[in-house]
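Chemist: Going by the numbering used here, the sequence shown runs without a break in its numbering and finishes at 430.
I have a structure I would like to understand better, so I am pasting it below and will then ask my questions one at a time.
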Amino acid sequence: MTTASSTKRDYSLVGESTRRAIETGLASAEWYHTDVARKTMKELMQRSDQPAIRDTIIWIAAILGSAAGIVWFWGTWWVVPFLFVYGVLYGSSSDSRWHECGHGTAFRTRWMNDVVYHIASFMLMRNPVQWRWSHARHHTDTIIVGRDPEIAVMRPPDLLRVALNFFGILDAWHAMTDMVRNAAGIISPAEKTFIPEQEQPKAIRVARIWLAIYIATIALALYLHSWLPLMLVGL
196 MTTASSTKRD
206 YSLVGESTRR
216 AIETGLASAE
226 WYHTDVARKT
236 MKELMQRSDQ
246 PAIRDTIIWI
256 AAILGSAAGI
266 VWFWGTWWVV
276 PFLFVYGVLY
286 GSSSDSRWHE
296 CGHGTAFRTR
306 WMNDVVYHIA
316 SFMLMRNPVQ
326 WRWSHARHHT
336 DTIIVGRDPE
346 IAVMRPPDLL
356 RVALNFFGIL
366 DAWHAMTDMV
376 RNAAGIISPA
386 EKTFIPEQEQ
396 PKAIRVARIW
406 LAIYIATIAL
416 ALYLHSWLPL
426 MLVGL
């Protein structure tokens with residue numbers, strides 16, 4: 196007997212689940228909102244540049260410091276703790292910066308949010324244009340199958356996939372293939388459902404810039420006969 200929990204669902208953004216979500220009114224639905232006075236909401240949403248600037252300086256200094264340790268101790272066992280610190284700061288702490296700056300909540304000044312958002316996006320291999328709109332859809336249709344492009348664990352759960360993504364293996368692979376595809380000027384049917392048409396050329400341009408950076412880094416690594424450039428850029 197097949198149950199709802201064991202039936203594999205269609206999580207694509209252009210499949211049967213998408214059609215069903217639209218037909219049943221789940222897509223872009225109006226959900227319950229707690230009634231909060233506008234004045235109170237503005238007080239709760241107060242932002243300041245100073246704490247974010249301080250935290251960003253500490254974050255970047257820690258990244259550069261651990262990177263310097265990697266370069267200095269490269270080729271010895273002493274490099275291991277610096278690699279660990281650098282990896283955590285580069286590939287993990289960047290996620291919270293990506294999220295808050297993407298929402299514009301870390302800094303009060305918009306361009307500061309944008310700069311850190313783009314830096315963190317590169318560290319995480321997330322196209323900043325694609326993911327800004329993907330995340331907007333995620334908050335509009337959270338956990339709606341066929342609409343939310345950021346559902347992390349699907350049903351029934353694929354434990355192997357979850358384990359691999361704990362180390363970012365699948366995410367990195369998909370990020371690289373998406374980057375190459377976008378750099379070739381191709382926006383997928385799924386991406387077209389949430390990236391506005393006028394924003395799609397920006398996603399392609401970013402992908403081409405990133406691909407050029409990665410190609411240059413690989414070329415440098417080959418020239419130096421060293422893995423060091425690849426380690427520092429997150430490859």
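Beta carbons are placed, not taken as given, at the ideal position from N, Cα and C, and that holds for glycine.
Keep in mind that this is a model prediction, so the values were computed, not measured.
Go ahead and pull the three-state DSSP assignment for alanine 247.
Modeler: Within the sequence shown, numbered from 1, the residue matching residue 247 stands at position 52. Reduced to three states, the DSSP call for alanine 247 is helix.
Chemist: DSSP state of isoleucine 399, grouped into three classes?
Modeler: For the purposes of this step, residue 399 is taken as the residue at position 204 of the sequence shown. In this structure, isoleucine 399 counts as helix in the three-state DSSP scheme.
Chemist: Since I believe asparagine 377 is in contact with isoleucine 399 (beta carbons under 8 Å), could you give me their beta-carbon distance rounded to a whole number of angstroms?
Modeler: On the sequence shown, position 204 is the one that residue 399 refers to. On the sequence shown, position 182 is the one that residue 377 refers to. Asparagine 377 and isoleucine 399 do touch by the CB rule: their CB atoms are close to 5 Å apart, below 8 Å.
Chemist: With burial defined as no fewer than 16 other Cβ atoms inside 10 Å of the residue's Cβ, what is the status of arginine 342: buried or exposed?
Modeler: Counting from 1 along the sequence shown, the entry for residue 342 is found at position 147. Counting Cβ neighbours within 10 Å, arginine 342 comes out buried, since at least 16 surround it.
Chemist: Return the chain-ordered list of same chain residues with a C-beta closer than 7 Å to the C-beta of leucine 406, the five sequence neighbours on each side being excluded.
Modeler: On the sequence shown, residue 406 is found 211 positions in, with the first residue counted as 1. Closer than 7 Å at Cβ, skipping near neighbours: Met374, Val375 and Ala378.
Chemist: For the alpha helix (DSSP H) holding glycine 270, just list the boundary residues, first then last.
Modeler: Numbered from its first residue, the sequence shown carries residue 270 at position 75. Note, glycine 270: premise wrong, no alpha helix (DSSP H); not H, not E.
Chemist: Tell me the DSSP secondary structure of valine 283 in three-state form.
Modeler: Counted from its first residue, the sequence shown places residue 283 at position 88. Helix at valine 283.
Chemist: Can you give the Cα-Cα distance for proline 391 and valine 324, rounded to whole angstroms?
Modeler: As a working note, residue 391 is residue 196 in the sequence shown. As a working note, residue 324 is residue 129 in the sequence shown. Each residue's alpha carbon lies about 10 Å from the other.
Chemist: Below 8 Å, can you find three or more Cβ-Cβ pairs linking the stretch 294-310 to the stretch 257-277?
Modeler: These segments do not touch.
Chemist: Using the three-state DSSP reduction, which class does valine 348 fall into: helix, strand or coil?
Modeler: Mapped onto the sequence shown, residue 348 falls at position 153. If DSSP states are grouped into helix, strand and coil, valine 348 belongs with coil.
Chemist: Can you check whether the CB of threonine 388 is closer than 9 Å to the CB of leucine 208?
Modeler: Position 13 of the sequence shown, counted from the start, is the residue given in the question as residue 208. Position 193 of the sequence shown, counted from the start, is the residue given in the question as residue 388. Using a Cβ distance threshold of 9 Å, leucine 208 and threonine 388 count as a contacting pair.
Chemist: Which first and last residues belong to the alpha helix (DSSP H) in which leucine 354 is found?
Modeler: For the purposes of this step, residue 354 is taken as residue 159 along the sequence shown, with counting starting at 1. Counting along the chain, the alpha helix (DSSP H) containing leucine 354 begins and ends at 354-361.
Chemist: Do phenylalanine 317 and alanine 247 have their beta-carbon atoms positioned less than 9 Å apart in this structure?
Modeler: Your numbering for residue 247 matches position 52 in the sequence shown. Your numbering for residue 317 matches position 122 in the sequence shown. No, Cβ-Cβ distance for alanine 247 and phenylalanine 317 is not below 9 Å.
Chemist: Answer with buried or exposed for aspartate 353, where buried requires no fewer than 16 other C-beta atoms within 10 angstroms of its C-beta.
Modeler: Position 158 of the sequence shown, counting from 1, holds the residue named residue 353. In this structure aspartate 353 is exposed. Its beta-carbon is surrounded by fewer than 16 other beta-carbon atoms within 10 angstroms.
Chemist: Could you round the C-beta distance between tyrosine 285 and isoleucine 258 to whole angstroms and report it? I think they count as a contact, below 8 Å.
Modeler: Your numbering for residue 285 matches position 90 in the sequence shown. Your numbering for residue 258 matches position 63 in the sequence shown. Correct: roughly 6 Å between the Cβ atoms.
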